[in-house]
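Asks: Dropping the structure in here first, questions after.
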Amino acid sequence: MALDQSFVGRSYPPTEPPYEVGREKIREFAEAIGDANPVYTDAEAAKALGYPDVIAPPTFVFAITFKAAGQVIADPQLGLDYSRVVHGDQKFAYSRPVRAGDRLTVTSTIEAVKSLAGNDIVDIRGEVHDESGEHVVTAWTKLVARAAEEA
Amino acid sequence: MAAKVSFDEVEVGTELPAGAFPVTRATLVQYAGASGDFNPIHWNERFAREVGLPDVIAHGMFTMAEAARVVTDWAGDPGAVVEYGVRFTKPVVVPDDGEGAVIHVTGKVAAKLDDRCVRVDLTAMSAGQKVLGMSRAVVRLA
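So the sequences go chain by chain: A and B.
For this note's numbering, add 81 to where a residue sits in the first sequence, where the first one is 1.
For this note's numbering, add 1238 to where a residue sits in the second sequence, where the first one is 1.
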């Protein structure tokens, strides 16, 4: 069944409470991707590059925006079959890197809803702001719910 | 920000040092924990096959993170990345054979932009297949 086009443009309230970015969480993520860059683990190395504390790898923020996108995915009115969802595209545009101590909120908006060859496609934009209201990063996520196999 | 590469010294076509990133089942379990993405297609072979996959596959975001390392290692400052996007074209299949898979990433400067930025086009391959499409990063250089 084709998804409801009226969802295009719908925004969801900013996530509450803010996600607090921890140094050890950044370290854990950097270790998981095998990246030994000291700017992720050593505050002095980060300061040498002009940052107030360790920064996170570029894709770290996805964990936060994807959780926020869960509001959209789980919206029963939208009717997306999550068991068939795969990640199609991902893009980020950064105003600055995410860093330890950030308290981040995400505002998710549905940018597009399409049905192509039985696949349902949803484009979600997540705007990430810090505690002072400044923009940190925007994440665009394309999710594809694959067509169910014919019986 | 303090990228260690100078915009003035970079030309279109400049190749970045390539990277080869191994991924095993243990890597995927570790990444699942760190990222919070516990989808069983990334660690449970029985489940992966039930949903039509050939085997356990790596998280797309893991592959995206590895491809980014070629850019951030080159630029010197991960915070110099202004934009980064990919299309997930093929899964990275990770067999349980003690060796797993390897993600091979190459990149080159495709365009010089305004504001001392360059666009880097990345190619990520695993088992002879292109696993990321339209993989591009915009980086602000020194």
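Every residue gets a Cβ at the ideal spot worked out from N, C-alpha and C, and that includes glycine.
Short of 7 Å Cβ to Cβ, which residues in the segment 127-142 of chain A face chain B?
Replies: Under the 7 Å Cβ criterion, the segment 127-142 of chain A contributes Leu130, Gly131, Tyr132, Ile136, Pro138, Pro139, Thr140.
Asks: List, in order along the chain, the chain B residues whose C-beta lies closer than 8 Å to that of A/Lys172?
Replies: By one-based count along the first sequence, residue 172 of chain A stands at place 91. Within chain B, the residues near A/Lys172 are Glu1321, Tyr1322, Gly1323, Val1324.
Asks: In chain order, what residues of the same chain lie with their CB nearer than 6 Å to the CB of A/Gly199, ignoring the 5 residues before and after it?
Replies: By 1-based counting over the first sequence, the position of residue 199 of chain A is 118. Ala228, listed in sequence order.
Asks: Inspect the beta-carbon positions of B/Asp1359 and B/Lys1346 and report whether they are closer than 9 Å.
Replies: To locate residue 1359 of chain B, count along the second sequence from 1; it is residue 121. To locate residue 1346 of chain B, count along the second sequence from 1; it is residue 108. In contact: B/Asp1359 and B/Lys1346 (Cβ atoms closer than 9 Å).
Asks: If you draw a straight line from the C-alpha of B/Gly1371 to the C-alpha of B/Val1324, how long is it?
Replies: Walking along the second sequence from the start, residue 1371 of chain B turns up at place 133. Walking along the second sequence from the start, residue 1324 of chain B turns up at place 86. Whole-angstrom Cα-Cα distance: 6 Å.
Asks: Please check the pair B/Val1381 and B/Val1377, which I expect to be a contact at CB under 8 Å, by giving their CB distance rounded to whole angstroms.
Replies: Residue 1381 of chain B cannot be examined here, being either before or after the span of chain B that is shown, 1239 to 1380.
Asks: List, from N- to C-terminal side, the beta strand (DSSP E) runs of 3 residues or more that fit wholly inside the segment 1261-1329 of chain B.
Replies: 1319-1326
Asks: Would a check of beta-carbon distances place A/Ile154 closer than 9 Å to chain B?
Replies: As a first step, residue 154 of chain A must be located in the first sequence, where it is residue number 73. Cβ-Cβ to chain B under 9 Å: no for A/Ile154.
Asks: Do the CB positions of A/Asn118 and B/Pro1316 come within less than 9 Å of each other?
Replies: Mapped onto the first sequence, residue 118 of chain A falls at position 37. Mapped onto the second sequence, residue 1316 of chain B falls at position 78. Contact: yes.
Asks: Cβ of A/Gly182 less than 9 Å from any chain B Cβ?
Replies: Along the first sequence, one-based indexing puts residue 182 of chain A at 101. Not an interface residue.
Asks: Under 9 Å between C-beta atoms, does B/Val1331 make it to chain A?
Replies: Against the second sequence, residue 1331 of chain B aligns to sequence position 93. Chain A, which has no Cβ nearer than 9 Å to the Cβ of B/Val1331, makes this no.
Asks: For B/Asp1246, which of helix, strand or coil comes out of DSSP?
Replies: Numbered from its first residue, the second sequence carries residue 1246 of chain B at position 8. Secondary structure of B/Asp1246 (DSSP, three-state): helix.
Asks: Return the residue from the list B/Phe1245, B/Pro1260, B/Leu1254, B/Ala1296 that minimises the CA-CA distance to B/Glu1337.
Replies: As a first step, residue 1337 of chain B is located in the second sequence; it is residue number 99 there, counting from the start. Checking every option, the nearest Cα to that of B/Glu1337 belongs to B/Pro1260.
Asks: If the cut is a Cβ gap below 7 Å, which residues of chain B does A/Glu109 touch?
Replies: One-based indexing of the first sequence puts residue 109 of chain A at position 28. Taking a Cβ-Cβ cut-off of 7 Å, the neighbours of A/Glu109 in chain B comprise Ala1272, given in sequence order.
Asks: Spell out whether any CB of chain A is found under 9 Å from the CB atom of B/Ala1296.
Replies: Along the second sequence, one-based indexing puts residue 1296 of chain B at 58. No, no contact with chain A.
Asks: Any idea if B/Lys1242 is buried or exposed, counting beta-carbon neighbours within 10 angstroms, 16 or more meaning buried?
Replies: On the second sequence, position 4 is the one that residue 1242 of chain B refers to. By the 10 Å Cβ count, B/Lys1242 comes out exposed.
Asks: Taking the alpha-carbon of B/Pro1292 as reference, which of B/Met1299, B/Glu1304, B/Val1309, B/Lys1328 has the nearest alpha-carbon?
Replies: If you number the second sequence from 1, residue 1292 of chain B lands on position 54. Among B/Met1299, B/Glu1304, B/Val1309, B/Lys1328, the Cα nearest to that of B/Pro1292 is on B/Lys1328.
Asks: Quick check: what's the CA-CA separation for A/Ser213 versus A/Arg184?
Replies: Counting from 1 along the first sequence, the entry for residue 213 of chain A is found at position 132. Counting from 1 along the first sequence, the entry for residue 184 of chain A is found at position 103. Spanning the two alpha carbons is a distance of roughly 9 Å.
Asks: Taking the Cβ atom as the reference point for each residue, do B/Ala1375 and B/Glu1321 lie within a distance shorter than 9 Å?
Replies: Against the second sequence, residue 1375 of chain B aligns to sequence position 137. Against the second sequence, residue 1321 of chain B aligns to sequence position 83. Taking 9 Å as the Cβ cut-off, B/Ala1375 and B/Glu1321 qualify as a contacting pair.
Asks: When the Cα atoms are used, what is the spatial distance from B/Gly1383 to A/Leu84?
Replies: No statement about residue 1383 of chain B is possible, as the shown extent of chain B runs from 1239 to 1380 and does not include it.
Asks: Could you tell me whether the Cβ of B/Glu1304 comes closer than 9 Å to any Cβ of chain A?
Replies: Counting from one through the second sequence, the residue named residue 1304 of chain B turns up at place 66. Closer than 9 Å: yes.
Asks: Could you work out which residues of chain B lie near A/Tyr175, taking near to mean beta carbons separated by less than 9 Å?
Replies: The sequence position of residue 175 of chain A within the first sequence is 94, counting from 1. Residues of chain B passing the Cβ test: Gly1317, Val1319, Val1320, Glu1321, Tyr1322.
Asks: Whole angstroms are fine: how far does the CA of A/Arg206 sit from the CA of A/Ala181?
Replies: The residue given as residue 181 of chain A occupies position 100 in the first sequence. The residue given as residue 206 of chain A occupies position 125 in the first sequence. Their Cα atoms are separated by approximately 23 Å.
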